[in-house]
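Counted from 1, the sequence shown has number 474 at position 4 by the numbering used here; the numbering is strictly sequential.
Idealized CB from N, CA, C, for every residue including glycine.
What you are looking at is a predicted structure, and each value in this text was computed from that prediction instead of being measured.
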Amino acid sequence: MSILERIREYIADCPYLTDSCIYIDFLDDKLYGYMLEGVPVSEVVRRYADGGSIRRYEFVFGARLPYGTEQTALNHQFYQQFSEWLEEQMEKGKLPDLGKGKIPHSIKALSHGYLLDGDGNCARYQIQCELEYYQD
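(1) By a C-beta neighbour count over all protein chains shown, 10 Å radius and 16 as the cutoff for buried, is G563 buried or exposed?
(2) Note the first and the last residue of the continuous beta strand (DSSP E) segment covering A533.
(3) Within the same chain, show all residues whose beta-carbon is closer than 7 Å to that of V514, passing over the 5 residues directly before and after it, in chain order.
(4) Name the DSSP beta bridge partners of D587, please?
(5) If you draw a straight line from the alpha carbon of A579 to that of L535, how long is it in whole angstroms?
(6) Taking 8 Å as the threshold (C-beta atoms), are H546 and G583 in contact?
(7) Taking the beta carbon of S581 as the centre, do at least 16 other beta carbons fall within 10 Å, making it buried, or is it exposed?
(8) Starting from the C-beta of D489, find all residues in its chain whose C-beta is less than 8 Å away, skip the five residues before and the five after it, and write them out in chain order.
(9) Specify the secondary structure class of Y549 as computed by DSSP and reduced to three states.
(10) Return no unless some Cβ of chain B is closer than 8 Å to the Cβ of E561.
(11) Less than 8 Å between the beta carbons of E528 and E600, yes or no?
(12) Sort L556, V509, T542, E558 by Cα distance to C592 and report the nearest one.
(13) Once the 5 residues before and after M610 are set aside, which same chain residues still bring their CB inside 8 Å of it?
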C-alpha cells in the first residue's frame, strides 16, 4: 500500500468530512467530494550513517465545496477545523500507520485552506500538508 493510500485511510476518520470517499489524484464534479494528491518535493530531509533517514511526504487535500457569498466563510472554517484536527491527532500520538520500516513523526498543514478554482455554485478548495517520518 502506498503512503498516499495510508494517508487516505487516516484522513477518512476526520469527523468534519461529509463523506468518507477520498479519491487519489482525482476529484469528481460532485459536491463534498474529496481528493489527495502528492506534491513533488525532495523526499529525504536527513540521512543517517546507519542508512536510516528522515523523510517527508507532501500532499494536497482538496475538496469540491459549494461556492457563494455565505458559503465561502464556511469553506474556510472547514479547512481550519481540518488543520486543527491534524494538530490534535499529532498531539495525541495518533499518526498514520505507514507499515514496516516507516515510523511517522508528524503530520501537519503547511498552508491554510484556499480557493483553487470556482465555477458557478461549486469550487475546488485545497490545503497543502506534510507527513514526516523515519525510514530504516
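In short:
(1) As a first step, residue 563 must be located in the sequence shown, where it is residue number 93. The residue in question, G563, is exposed, as its Cβ has fewer than 16 Cβ neighbours within 10 Å.
(2) Within the sequence shown, numbered from 1, the residue matching residue 533 stands at position 63. 523 to 536 is the span of the beta strand (DSSP E), which, as asked, contains A533.
(3) Reading the sequence shown from its first residue, position 44 is the one you call residue 514. So the qualifying residues of the chain are S523, R525.
(4) As a first step, residue 587 must be located in the sequence shown, where it is residue number 117. Per DSSP, R594.
(5) Locating residue 579 in the sequence shown gives position 109, where the first residue counts as 1. Locating residue 535 in the sequence shown gives position 65, where the first residue counts as 1. Each residue's alpha carbon lies about 19 Å from the other.
(6) Sequence index remark: in the sequence shown, residue 583 carries index 113 (1-based). Sequence index remark: in the sequence shown, residue 546 carries index 76 (1-based). Yes; because the gap between Cβ atoms is below 8 Å, this pair is in contact.
(7) In the sequence shown, the residue the question calls residue 581 occupies position 111. By the 16-neighbour rule on beta-carbons within 10 angstroms, S581 is exposed.
(8) Within the sequence shown, residue 489 is the residue found at index 19, counting from 1. Answer for D489: Y502, G503, Y504, listed in chain order.
(9) In the sequence shown, counting from the first residue as 1, residue 549 sits at position 79. Correct three-state label for Y549: helix.
(10) The structure shown contains no chain B; it is built from a single protein chain.
(11) Residue mapping note: residue 528 aligns to position 58 of the sequence shown, counting from 1. Residue mapping note: residue 600 aligns to position 130 of the sequence shown, counting from 1. A contact, by the Cβ cut-off of 8 Å.
(12) For this step, residue 592 is matched to residue 122 along the sequence shown. The shortest C-alpha separation from C592 is found at T542.
(13) Any answer about residue 610 is impossible in this case: the structure gives the chain only from 471 up to 606.
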